[in-house]
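Okay, so here's the structure we're looking at.
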Amino acid sequence: MGSRAATTATATIAAVTVVWVSWAAVAADASVSRGGGGREREEVEYDGRALIIEGRGGCSSPALFITRAALLLGFPFWLHDVPGITFRCDNEPFKWHMERFVTKIVDMMKSEELYYPQGGPIIISQINSCNGLICGETFVGPNSPNKPSLWTENWTTKYLVYGKEAKFRSAEDIAFATALFIAKKNGSFVNYYMYHGGTNFGRSASSFVTTGYYDHAPLDEYGLIWQPTWAHLGKLHAAIKLSSEPLLWGTYTNQSFSQFQEAHIFQTNSGKCIAFLVNFNKHQIAAIKFRNTTFELPAKSISVLLNCRNETFNTAKVTAQNGTRSAKIVDHLKNAERWKVFSEEIASIRNAEFTTNQLLEQMSTTKDATDYLWYSVSYNHTPFSGQELLQVESRAHVLHAFVNNEFVGSVHGSHHGPPLIVLDTPIPLVQGQNNISLLSVMTTFDAPHGDDPVALNLSSMGKGEVWINGESIGRYWVSFKASNGQPSQSLYHVPRSFLKDKQNLLILFEEIGGDPVEITVNTMSVTRVCSRVSETSTPSVFSKSKQPSVHLHCQEGKRIEAIEFASYGNSFGDCEGHGVGSCHSNSSKSVVEKACVGKFSCSISVTSSMFGGDPCPGTEKSLFVVASCS
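Numbering (our numbering), first residue to last: 164 to 793.
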């Protein structure tokens, strides 16, 4: 019990944009070290305007990591060669380089006048302190009462790795964790990691991590809105902002109702108040009597009470629309004559920079300049009656073996698998010298019309890397299937900024073989939206109407083309499968069509009068609508 510290305003929670800044922004020669030796390169490719998000607060995060090279904790390889350095600990060389890096980033931001006192959007710069899924339960708090509680990484999903199926984090779970952190942990700042998914272009992906990164964040990899997560969190933020004064300046108290139910209250001397009612029970609804009013909370949910009386939001009651993203094929690269194949010659030993008679550690040898390290052996084979076997043990992620230009075997590890992989395969040898080589393929295609994001479907390929007009769009590994028999990722994002109108050059470096004529060019869009709102739902804080309503909208540039399904009653199902229940108003579809077809967005009140009367008195009803966008 006590007064909440006046730190970073919770009122900004709905408008925080995080700018991750990696070591890549501070280019330096590998020989740079404390006390001299080498020359620091000051040229930093940086567009200051790119960090400005209109109407949004920002958080500049001088990142301690980037996604590449988990073994190196994300630091550039040249740091590995600094004498005496140990990463992320009380180590003088490490602290010197980190101070230099952070100072450089802060000075860059200041020079562009990006901080809030300068008129910019950045309200805070931070280095990671609290990361996870349930910091509202696990965070022990800052090391001083004068410091704010910052949740620097509220994971909106789990990054996907090759060989695994995607795991979604529900909008309800994210909202519960966020509200609990604010209510119970004196939370003043929450950063969603990631709020905008992205693409690990080039070689930036970490070990076994897919090229698509946090694709199911509130804004997905392609920049499309991922519903209902985006809107559900927006409603939580709006509900909290309505009570920013008691949250920031009120006195905090808490109240326990049972083992699984509790309340967190913030109230000012003038009587302004906000309460968070919490039901931790994951399986049962809870009825909580608070200040002479009984509130019914769904399992594992938090209700936000404006003025400690009126429920403005519940984390488990999702009224935001759902969206279905689809990939539309716009070009099929079937014409074999459009493809060219060329050999990737392996350098001979006589042209190598150095030779050795022992196996070398890969990262130290390549300095992280390439994914590949070739071990070449020529073997003079003398026939005998037995079967020749090739056996290799390696700590590499993937090992390929070629004999006489023929692929003879491959073995790979996995994200959580053992560090050592073993290849043990019979090999066909011919009498005399035995050598190897690889292939690349290329073709051209035209950019799709319109503004929809573009993706390549590479499900017919194996493993390798892709370039569009010389820009790498990342590694692909569609041959590594998940337990459902499907690739972990088959669609690969091609930013439109990489494309020309005509004759875009596509090059694939393929490690293990595939069928490039089955590659397709696709556009990505949200083609179907749906929403279910009960007549007992709390009206959205964004709505002027005092009645619960279904709100539908298409992505920018599209309109509601048709109403696929509509039912005011007790229908069942979701966007993909649904049906009319025992209670249904026959006017449902015509009412919704009149309100929505041809529009970018529409709202329909969930009241019996809207549909010409109550179709079944005494039955709790909802309005469920499925619409297509085009």
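Glycine included, every Cβ here is placed at the ideal spot set by N, Cα and C.
Exercise. Go through its chain and collect everything with a Cβ distance to Pro589's Cβ below 6 Å, but skip five positions before and after it.
Key: Correct list, in chain order: Gln550, Leu552.
Quiz item: Between Trp393 and Glu384, what straight-line distance do the alpha-carbon atoms span, to the nearest angstrom?
Solution: Rounded to whole angstroms, the separation of the alpha carbons of Glu384 and Trp393 is 14 Å.
Quiz item: Beta carbon of Phe240, beta carbon of Asp531: below 8 Å?
Solution: Against a cut-off of 8 Å, the Cβ pair of Asp531 and Phe240 comes out as a contact.
Self-check item: Same chain, Cβ closer than 8 Å to Leu382, neighbours up to 5 away in sequence not counted
Solution: Result list for Leu382: Tyr358, His359, Gly360, Ile388, Trp389, Trp393, in chain order.
Quiz prompt | Gly218 (DSSP reduced to helix, strand or coil) | solution = Because Gly218 carries a pLDDT of 37, less than 50, the predicted location of this residue cannot be relied on, and the following value inherits that uncertainty. Gly218 falls in the coil class under three-state DSSP.
Quiz item: Is it buried or exposed for His400, if we count other Cβ within 10 angstroms and need 16 for buried?
Solution: Under this definition His400 is a buried residue.
Practice problem: Give the DSSP bridge partners of Lys626, in chain order. | Solution: For Lys626, DSSP records a beta bridge to Trp640.
Quiz item: Taking Cβ positions, are Ser708 and Ser748 nearer each other than 8 Å?
Solution: With respect to the 8 Å criterion, Ser708 and Ser748 are not classified as neighbours on the basis of their beta carbons.
Quiz prompt | For Asn121, the three-state DSSP class (helix, strand or coil) | solution = The chain is shown from 164 up to 793; residue 121 falls before or after that span and cannot be answered.
Quiz item: beta strand (DSSP E) containing Thr683: first to last residue?
Solution: Residues 683–697.
Practice problem: For the region 339–378, list the beta strand (DSSP E) runs that are entirely contained and at least 3 residues long, ordered along the chain. | Solution: At a cut-off of 3 residues, the continuous stretches assigned as beta strand (DSSP E) that sit fully inside the region 339–378 are 350–356.
Quiz item: Taking the alpha carbon of Ala340 as the point to measure from, which residue in Gly676, Leu523, Asn442 has its own alpha carbon closest?
Solution: It is Asn442 whose Cα lies nearest to the Cα of Ala340.
Quiz prompt | When Ser370, Ile631, His395, Leu313 are compared against Ser577, the one with the closest alpha-carbon | solution = Closest by alpha carbon: Ser370.
Self-check item: Cβ neighbour criterion (16 or more within 10 Å) applied to Ile448
Solution: Answer is exposed; the Cβ neighbour count stays below 16.
Exercise. State the Cα-Cα distance for the pair Val467 and Asn473, rounded to the nearest angstrom.
Key: It is roughly 8 Å from the alpha-carbon of Val467 to the alpha-carbon of Asn473.
Practice problem: Report the residue from Gln521, Lys327, Asn620 whose alpha carbon sits nearest the alpha carbon of Val657. | Solution: Looking at the Cα atoms, Asn620 is the closest of the given residues.
Quiz item: How big is the Cα-Cα spacing for Pro702 and Pro711?
Solution: Here the alpha carbons of Pro711 and Pro702 stand approximately 4 Å from one another.
Quiz item: Does DSSP put His495 in a helix, a strand or coil?
Solution: Three-state DSSP puts His495 in a strand.
Quiz item: Straight-line CA distance for Gly761 to Ser793?
Solution: About 10 Å.
Quiz item: Taking Cβ to Cβ, would you say Thr606 is nearer than 8 Å to Leu496?
Solution: Their beta carbons are under 8 Å apart, which means Thr606 touches Leu496 by this criterion.
Quiz item: Hey, how far is the Cα of Ser312 from the Cα of Gly397?
Solution: If I take the Cα positions, the gap works out to 21 Å.
Self-check item: Residue nearest to Gln666 in terms of C-alpha spacing, selected from Arg691, Thr686, Asn632
Solution: The residue with the shortest Cα to Cα distance from Gln666 is Asn632.
Quiz prompt | Contact under 8 Å by Cβ, Thr683 with Ile465 | solution = No, the pair does not count as a contact, with Cβ atoms beyond the cut-off.
Quiz item: Which stretch, first to last residue, makes up the alpha helix (DSSP H) that contains Ser751?
Solution: From DSSP, the alpha helix (DSSP H) with Ser751 extends over 751–759.
Quiz item: From Glu698 to Leu786, what does the alpha carbon distance come to, in whole angstroms?
Solution: Their backbone Cα atoms lie some 8 Å apart in a straight line.
Practice problem: Measure from the alpha carbon of Arg695 to the alpha carbon of each residue in Pro679, Ala790, Gly637, then state which is nearest. | Solution: Closest by alpha carbon: Ala790.
Quiz prompt | For Tyr279, three-class secondary structure by DSSP | solution = In the structure shown, the three-state DSSP call for Tyr279 is helix.
Quiz item: What do you reckon, are the CB atoms on Phe326 and Ser651 nearer than 8 Å?
Solution: Here the sequence assigns Gly to residue 326, which means Phe is not the residue at that position. For Gly326 and Ser651, yes; Cβs fall inside 8 Å.
Practice problem: Can you say whether Arg231 is buried or exposed, counting buried as having 16 or more other CB atoms within 10 angstroms of its CB? | Solution: Caution applies to Arg231, whose pLDDT of 34 falls short of 50 and renders its modelled position unreliable; the value that the coordinates give is listed next. Burial is judged here by how many other beta carbons sit within 10 angstroms of a residue's own beta carbon; Arg231 has at least 16 and is buried.
Practice problem: Given a cut-off of 8 Å, decide if Thr414 and Gln430 are closer than it, judged by their beta-carbon atoms. | Solution: Contact flag set, yes.
Quiz prompt | Cβ neighbours of Cys779 in the same chain (closer than 6 Å, five flanking residues each side left out) | solution = The beta carbon of Cys779 lies closer than 6 Å to those of Cys746 in the same chain, with the five residues before and after it left out.
Quiz item: Which class does Leu387 belong to by DSSP, given the choice of helix, strand or coil?
Solution: Leu387: coil per DSSP, three-state reduction.
Quiz item: Expressed to the nearest angstrom, what Euclidean distance is found between the alpha-carbon atoms of Leu562 and Pro581?
Solution: Straight-line Cα distance between these residues: approximately 14 Å.
Quiz item: Are the beta-carbon atoms of Ala462 and Asn477 separated by less than 8 Å?
Solution: The criterion of a C-beta distance shorter than 8 Å is not satisfied by Ala462 and Asn477.
Self-check item: Cβ-based neighbour list, Glu137, same chain, cut-off 6 Å, excluding 5 preceding and 5 following
Solution: Residue 137 lies beyond the residue range present for the chain, which begins at 164 and ends at 793; the question has no answer from this structure.
Quiz item: Does the Cβ of Ile428 have 16 or more other Cβ atoms within 10 Å, making it buried, or fewer, making it exposed?
Solution: With 16 or more Cβ atoms within 10 Å of its Cβ, Ile428 is classed as buried.
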